[in-house]
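Chains as they are written, first to last, in the working numbering: chain U, 1 to 396; chain P, 1 to 396. For glycine and all other residues, C-beta sits at the position ideal for the given N, C-alpha and C.
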């Protein structure tokens with residue numbers, strides 16, 4: 001019997017009718033469907049949709065700058081080793097196509113989903129985890145425009161049953177030190193003393209270690225578990241210097257990593273205590289699993305990064321599902337109607353604020369084409385009159 | 001008087017009629033034209049054209065994932081500080097658009113060209129260099145399929161007056177250690193004892209330090225100046241370990257860097273002796289100049305990376321034009337007819353194998369729209385029936 005091969009890769013660009021100029025990454029979505037044999041798998045790229053679609057289908061530039069589809073279509077897909085091989089081929093054949101890691105991520109996730117469905121086991125089982133531990137969901141929210149607004153948001157998070165919350169972006173880091181301290185105190189006041197409080201600076205200080213250091217006293221005073229992304233992903237010296245100045249709070253980063261190396265550098269040279277991985281950017285579930293294993297070795301805690309749909313959330317939890325001591329998980333509480341429409345099966349925290357991966361095969365969720373259709377964008381890319389891409393049919 | 005602002009950014013995708021599956025990056029080209037006031041500037045992205053065009057014009061996804069054009073069009077362009085500000089804005093506003101660095105690179109180069117033309121000085125003058133030193137061109141070529149072919153290529157390089165040559169890709173690193181040694185000895189035999197010989201492994205060994213170590217004796221025996229890209233850009237531990245095992249030969253890398261940080265990490269943690277920067281990838285001339293200054297501080301030698309047109313060559317030399325002790329420069333000897341057609345003014349080494357930057361304003365070269373027109377690809381990108389991009393007119 002011929003082993004199954006990847007027969008189709010379909011990308012779907014979906015978005016809210018109106019995109020706001022705010023830090024809410026769930027306003028659009030690049031959904032991926034792959035087919036092999038009689039099976040279908042779904043994934044999602046956490047990426048700008050149009051350049052990512054172009055990276056799938058673009059003409060070859062040279063031997064190390066090929067479209068991602070060229071290294072995936074027609075490839076054997078019988079077991080997880082095939083996914084690893086396909087990923088290596090994409091990295092090598094699209095070495096000079098910068099967007100390739102984002103293109104690959106959604107495809108790789110969909111390949112795992114497909115393999116899990118075919119084998120009738122969850123993806124985390126294929127990754128070698130005997131069981132999936134519940135994770136403590138942290139409500140991921142934007143800071144309010146005022147401390148009062150932040151405190152109200154925090155109080156609601158607590159009332160909703162969450163055991164942890166992260167506040168980020170908005171005005172934080174853009175005003176003075178005192179204003180930022182008020183925001184953090186407001187968040188702590190709203191949460192009460194017993195919940196985890198996390199703060200996300202969204203790279204606002206560039207490489208300015210002193211600006212970040214000035215915020216540490218308020219963070220320590222409010223028992224903040226981590227300070228996330230004080231600097232850009234690559235500012236390793238700044239990370240290392242700030243890490244040396246922290247007492248209780250630890251640094252978190254890594255969401256921008258589009259290769260396991262970049263996350264490992266934050267661990268090895270940046271002194272972070274939490275490594276945050278977005279499976280929709282780093283190349284998918286396999287590379288994220290690799291970082292999780294590296295984190296265990298290094299005594300660093302792995303956390304997912306996700307801000308979009310239940311599909312992306314499930315994909316982001318698989319890589320560390322079996323690590324009992326890595327307990328926190330990002331949970332987007334302000335996801336758009338689009339993100340909430342993506343799957344018929346929701347993923348929500350239980351009464352104790354814990355999120356459990358579904359037991360169903362693959363990613364364990366059913367995509368809802370009918371609910372998504374109103375958000376579908378109609379894209380066409382032509383070169384010299386030849387159509388390289390046209391939005392495929394979502395329902396067939 | 002209102003200071004001039006960026007009024008237009010035009011991207012042109014050009015390619016040879018047929019793209020071969022070989023490591024020749026000059027088979028296509030993404031040419032950039034910018035206009036501000038009465039002036040025009042030209043640049044080139046070293047990038048896959050279609051995803052790069054999409055990154056210029058794509059719809060916004062959220063506040064940190066905007067199209068690159070949004071941070072450039074309409075911006076004040078009076079002096080070099082404006083270019084730095086525009087670049088910072090692109091990095092921040094397109095933080096989650098991975099391809100953005102490649103999109104930015106060609107635009108940034110064109111902005112420098114425009115400023116230089118308006119001020120009637122070469123770009124290197126704007127960068128603060130009192131003069132541009134001639135560089136020793138190394139002929140950049142692919143290894144032959146056999147040692148005899150490589151030796152013939154090397155003999156021709158010598159006969160053509162070059163004082164240095166680099167051989168890379170092709171069969172090197174893909175066969176056994178003895179076969180690779182024969183290739184290196186053939187290159188040395190063809191060049192004679194007095195020319196610089198450089199070897200490019202094209203990341204062929206992944207992260208396998210032992211595989212690379214096994215090639216060191218032949219490289220040392222043949223007095224090779226550098227071994228380039230034994231590993232992927234991010235494999236810093238592998239670089240550092242191999243660097244410790246080198247006696248005479250030094251490591252070179254950095255061409256894949258799409259941010260100055262990535263090049264700095266190779267210096268700080270990877271132990272490289274030569275840092276190779278492609279201005280068409282790292283974000284343009286400003287970021288490359290930043291790496292050159294960093295290299296001087298660190299005692300590392302800066303080298304350009306370029307494999308395409310004279311326009312790209314000029315852009316790649318400006319960042320270290322004034323560094324007298326950083327003498328080598330990459331010169332593509334096997335550039336495609338497309339790359340050679342790009343400018344009316346060629347850039348060729350003199351009888352001593354030295355390349356000099358033109359004295360003319362900006363990048364010092366005139367683009368030839370008429371010669372390029374046969375290579376122009378006709379691209380159209382539409383979303384929901386609205387055309388976001390259509391190939392502009394090259395001649396107006």
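For residue 353/P and residue 161/P, the gap between their C-alpha atoms comes out near 6 Å. Distance from the CA of residue 73/P to the CA of residue 60/P, rounded to the nearest whole angstrom, comes to 15 Å. Apart from the 5 residues on each side of it in sequence, residue 35/U sits with its Cβ closer than 6 Å to the Cβ of 7 and 8 in its chain, given in chain order. Contact annotation for residue 375/U against chain P: no contact, minimum CB-CB distance about 12 Å [criterion: below 8 Å]. A residue is called buried when at least 16 other Cβ atoms come within 10 angstroms of its Cβ; residue 235/U meets this threshold and is buried. Distance from the CA atom of residue 240/U to the CA atom of residue 218/U, rounded to whole angstroms, is 20 Å. Within the segment 258 to 276 of chain P, 258, 259, 261, 262, 265 and 269 place their CB atoms closer than 7 Å to a CB of chain U, listed in sequence order.
For the 8 Å CB-CB criterion, residue 101/P and residue 258/P form a contact. Rounded to the nearest whole angstrom, the C-alpha separation of residue 93/P and residue 151/P is 50 Å.
A Cβ-Cβ separation of about 7 Å places residue 280/U in contact with residue 47/U under the 8 Å criterion. For the segment 58 to 85 of chain U, the residues whose beta carbon sits under 9 Å from a beta carbon of chain P are, in order, 58, 59, 60, 61, 62, 63, 64, 65, 66 and 67. Across the set 306/U, 307/U, 364/U and 368/U, the C-alpha of 364/U shows the shortest separation from the C-alpha of residue 115/U.
Using a Cβ-Cβ cut-off of 8 Å, residue 19/U counts as an interface residue toward chain P, since at least one Cβ of chain P sits closer than that to its own. Assigned with DSSP and collapsed to three states, residue 47/P falls in coil, not helix or strand. Under the Cβ distance rule, residue 384/P counts among the residues neighbouring chain U, one pair being separated by less than 8 Å.
Look at residue 196/P here: in three-state DSSP terms it is strand.
Distance from the CA atom of residue 272/U to the CA atom of residue 250/U, rounded to whole angstroms, is 7 Å. In this structure, residue 308/U lies away from residue 351/U, with their beta-carbon atoms at least 8 Å apart.
When only Cα atoms are considered, residue 394/U and residue 335/U end up about 22 Å apart. The straight-line gap separating the alpha-carbon atoms of residue 71/U and residue 27/P is approximately 20 Å. For residue 224/U, same chain residues with a beta-carbon under 6 Å away, outside a window of 5 residues either side, are 197, 199 and 249 in chain order. Proximity of chain U to residue 203/P at the Cβ level (cut-off 9 Å) is accounted for by 64, 92 and 95, in chain order. Contact check for residue 362/P against residue 82/P fails: the beta carbons are separated by 8 Å or more.
In this structure, residue 165/U lies near residue 139/U, with their beta-carbon atoms less than 8 Å apart. Looking at the DSSP output, residue 246/U bridges to nothing. The contact set of residue 305/U on chain P, defined by CB atoms closer than 8 Å, is empty, because the minimum CB distance reaches about 11 Å. Note that the segment 363 to 381 of chain P touches the segment 29 to 45 of chain P; at least 3 beta-carbon pairs, one per stretch, sit closer than 8 Å. Residue 134/P sits close to residue 355/P, with the two beta carbons spaced by under 8 Å.
Inside the segment 207 to 262 of chain U, DSSP marks whole alpha helix (DSSP H) runs of 4 or more residues at positions 209 to 213, 216 to 221 and 236 to 245, from first to last along the chain. Looking at the backbone, the Cα of residue 390/U and that of residue 383/P are separated by about 10 Å. Bounds of any beta strand (DSSP E) do not take in residue 83/U; it lies within the alpha helix (DSSP H) bounded by 80 to 93.
When the beta-carbon positions are compared, residue 266/P and residue 253/P come within less than 8 Å of each other.
Judged by DSSP secondary structure, residue 182/U falls within the alpha helix (DSSP H) whose first and last residues are 177 to 191.
Among the residues of chain U, none has a CB under 9 Å from the CB of residue 335/P; the nearest is roughly 12 Å distant. Counting only Cβ-Cβ distances below 9 Å, residue 379/P has contacts in chain U at 381, 382, 383 and 384, in chain order.
Inclusion of residue 342/P and residue 311/P in the CB contact set at 8 Å is warranted, their separation being smaller than that value.
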